[in-house]
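S.K.: Position 110, counted from 1, in the sequence shown is what the working numbering calls 114; the numbers after and before it change by one each time, with no gaps.
Just so it is clear, CB atoms sit at the ideal spot from N, CA and C, and this is done for glycine as well.
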Amino acid sequence: KMRLSQAQKELSVRDAEICAKLHNLKGQMRYEYEGETISGPKMAELNNSTDPEIRKKSYRAYREAYVAQKDVVAPLINELVHVRDQLAKANGFDNFLEYANIEKDRFSYGEKELQEFCNLVKEKFFHIPQIKFQNIIQM
Numbered sequence: 005k006m007r008l009s010q011a012q013k014e015l016s017v018r019d020a021e022i023c024a025k026l027h028n029l030k031g032q033m034r035y036e037y038e039g040e041t042i043s044g045p046k047m048a049e050l051n052n053s054t055d056p057e058i059r060k061k062s063y064r065a066y067r068e069a070y071v072a073q074k075d076v077v078a079p080l081i082n083e084l085v086h087v088r089d090q091l092a093k094a095n096g097f098d099n100f101l102e103y104a105n106i107e108k109d110r111f112s113y114g115e116k117e118l119q120e121f122c123n124l125v126k127e128k129f130f131h132i133p134q135i136k137f138q139n140i141i142q143m
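Rendered as structure tokens:
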């Protein structure tokens, strides 16, 4: 692990604080699904349903819940991106991804290998036409 200066430690602490706030928000969030208010664990069950219609409705409810909280969530995410960029640059990296790879001891693969893995997942697990895939993303 890297040795951090006081400023770097403060940025790391702020990163953890923002992540904790986002995690707590997610834990407290409730979702409106077919006229019923449901919790996160129940929403996770619906998101993993084998029925595509249930998944579609649950993803929509999930997005709507986050949109309803956008005034709280968006500033936190914006700050997180800014803090992580500062943290990376304070440690001599061009971006947070380069920093995180070192911070998390990810030495066995790089960006090229990660991209190859993502491409394999798309190739092997998404056996639907790209147009349908784009429709799913836009739901």
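1. Compute the distance between the beta-carbons of Val-87 and Asp-19, then report whether it is under 7 Å.
2. Taking the straight line between their C-alpha atoms, what separation do you get for Ser-16 and Glu-117?
3. Output the distance between the C-alpha atoms of Glu-120 and Tyr-35, rounded to the nearest integer angstrom.
4. Is Gln-142 helix, strand or coil by DSSP?
5. Measuring straight from C-alpha to C-alpha, what distance separates Asp-98 and Ala-92?
6. Starting from Glu-49, trace the alpha helix (DSSP H) both ways and give me its first and last residue.
7. Assuming Asn-51 and Tyr-66 form a contact by the criterion Cβ under 8 Å, report the distance between their Cβ atoms to the nearest whole angstrom.
8. Would you say Leu-101 and Ile-22 are within 7 Å of each other, going by their C-beta atoms?
9. Which two residues bound the contiguous beta strand (DSSP E) that contains Tyr-37?
10. Taking all protein chains shown into account, do 16 or more other C-beta atoms lie within 10 angstroms of the C-beta of Val-125, making it buried, or fewer, making it exposed?
M.R.: Per the coordinate set shown:
1. In the sequence shown, residue 87 corresponds to position 83, counting from 1. In the sequence shown, residue 19 corresponds to position 15, counting from 1. Yes; because the gap between Cβ atoms is below 7 Å, this pair is in contact.
2. For the purposes of this step, residue 16 is taken as the residue at position 12 of the sequence shown. For the purposes of this step, residue 117 is taken as the residue at position 113 of the sequence shown. One C-alpha to the other measures close to 27 Å.
3. Mapped onto the sequence shown, residue 120 falls at position 116. Mapped onto the sequence shown, residue 35 falls at position 31. Cα to Cα, the separation comes out at about 35 Å.
4. The residue you call residue 142 lines up with position 138 of the sequence shown. Note that Gln-142 scores 49 on pLDDT, short of 50, meaning its location in the model is unreliable; the coordinates nonetheless yield the value given after this. In the displayed model, Gln-142 falls within a helix according to three-state DSSP.
5. In the sequence shown, counting from the first residue as 1, residue 98 sits at position 94. In the sequence shown, counting from the first residue as 1, residue 92 sits at position 88. Ala-92 has its alpha-carbon roughly 7 Å from the corresponding atom of Asp-98.
6. Along the sequence shown, read from residue 1 onward, the residue named residue 49 stands at position 45. 44-51 is the extent of the alpha helix (DSSP H) around Glu-49.
7. For the purposes of this step, residue 51 is identified with residue 47 of the sequence shown, where counting begins at 1. For the purposes of this step, residue 66 is identified with residue 62 of the sequence shown, where counting begins at 1. The C-beta distance from Asn-51 to Tyr-66 rounds to 7 Å, short enough to meet the 8 Å contact threshold.
8. Numbered from 1 along the sequence shown, position 97 holds the residue referred to as residue 101. Numbered from 1 along the sequence shown, position 18 holds the residue referred to as residue 22. Remark: C-beta atoms of Leu-101 and Ile-22 do not approach each other more closely than 7 Å.
9. Here residue 37 refers to the residue found at position 33 when the sequence shown is read from its first residue. 35-37 is the extent of the beta strand (DSSP E) around Tyr-37.
10. Along the sequence shown, one-based indexing puts residue 125 at 121. So Val-125 ends up on the exposed side.
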